[in-house]
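All remarks here apply to the structure that follows.
Residue numbers (UniProt numbering): 1 to 77.
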């Protein structure tokens with residue numbers, strides 16, 4: 001995984017979602033092809049999401065490039 005935003009196949013900026021973004025995140029993850037990655041952009045580290053991703057067969061890599069900005073790249077395990 002690269003965590004370079006320009007290299008992700010898909011992007012989802014959850015800061016733009018009104019309300020709970022979990023459903024939107026899971027829908028985006030489920031749409032990933034085996035060789036695609038999804039870059040989640042958030043204002044905080046979505047730690048509760050990590051267990052769910054692992055249980056559903058995905059890997060992730062998180063980075064905190066600046067205050068109040070988190071990038072989480074998700075791929076099939």
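Beta carbons: idealized from backbone N, C-alpha and C, even for Gly.
Asked: Pick helix, strand or coil for residue 44, following the three-state DSSP scheme.; Found: coil
Asked: Please identify the residue among 70, 69, 56, 9 whose C-alpha is closest to the C-alpha of residue 33.; Found: 9
Asked: Rounded to a whole number of angstroms, what is the C-alpha to C-alpha distance between residue 29 and residue 63?; Found: 18 angstroms
Asked: Give every residue of the same chain whose Cβ lies closer than 6 angstroms to the Cβ of residue 43, excluding the five residues on either side of it in the sequence, and list them in chain order.; Found: 15, 68
Asked: According to the neighbour-count rule (16 or more other Cβ atoms, all chains shown, within 10 Å of its Cβ), is residue 48 buried or exposed?; Found: exposed
Asked: Under the DSSP definition of a beta bridge, which residues are partnered with residue 12?; Found: 40
Asked: Going by alpha carbons, who is nearest to residue 27 out of 7, 51, 56, 45?; Found: 56
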